Amino acid sequence: MLSQKTRYAIRAMQHLADHYGKGPVQLADIAEEQKIPPKFLTVILSELARSGLVASQRGKDGGYWLGVPPIDISYGDLIRIMRGSLALVPCASRYAHETCQNCVEEENCRTRALMLQVRDKTAHLLDSIYLTDKVEADAYLLAAE
């Protein structure tokens with residue numbers, strides 16, 4: 001499950017993508033429109049700035065904007081930056097692999113084999129959707145019912 005921090009980061013980045021090329025966006029505006037606590041948003045945007053995805057400027061006319069074009073930011077990239085991995089279990093992580101405690105040997109673990117498939121299919125999907133892609137909530141919510 002995605003952490004609250006990751007969900008807020010996604011919403012903030014979607015907001016910045018919607019305002020791409022229109023100049024800096026004030027933190028207070030993002031926080032209010034996306035219902036993100038301002039102090040938490042500051043931490044999130046700072047982390048995204050360290051990764052290069054967000055740029056900022058202080059001052060009266062300052063704010064935040066995307067550091068790279070939204071066409072170059074996939075949801076997979078964003079989630080990896082915030083979460084560290086797309087894997088659901090540590091032994092299936094590509095970049096943060098850890099052997100699970102109290103488990104059978106990895107080469108014999110069917111759960112790991114399943115989770116590797118889930119990770120790869122999830123990565124394929126999330127890496128193919130970019131901030132520029134319009135993901136309409138209504139269409140997906142109706143299909144899910």
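Using the UniProt record's numbering, you'd call the opening residue of the sequence shown number 1 and step up by one each time. In this text, a Cβ means the ideal position worked out from N, Cα and C, and glycines have one as well. These numbers come from a predicted model, not from an experiment.
When DSSP states are grouped into helix, strand and coil, Y20 belongs to the coil group. The C-beta of M1 has fewer than 16 other C-beta atoms within 10 Å across all chains shown, which makes the residue exposed.
Within its own chain, the residues whose Cβ lies closer than 8 Å to the Cβ of E98, once the five positions on either side in sequence are excluded, are P90, C91, listed in chain order.
The DSSP-derived three-state label of Q26 is coil.
Under DSSP, Q57 forms a beta bridge with G63. The C-alpha of S3 lies about 15 Å from the C-alpha of P37.
About 11 Å separates the Cβ atoms of L45 and G67, ruling out a contact at the 8 Å cut-off. Sorting Y95, E136, T132, K134 by C-alpha distance to the C-alpha of L116 places Y95 at the top. Secondary structure at S85: coil, using DSSP grouped into helix, strand and coil. For the set A87, R50, L27, A49, the Cα lying nearest the Cα of G59 is the one of L27. The C-alpha of N102 is placed about 44 Å away from the C-alpha of I30. In the DSSP secondary-structure assignment, S74 is bridged to Y130. An exposed status is given to G21, since fewer than 16 other beta-carbon atoms sit within 10 Å of its beta-carbon. With a 10 Å radius around the Cβ and a threshold of 16 neighbouring Cβ atoms, R80 comes out buried.
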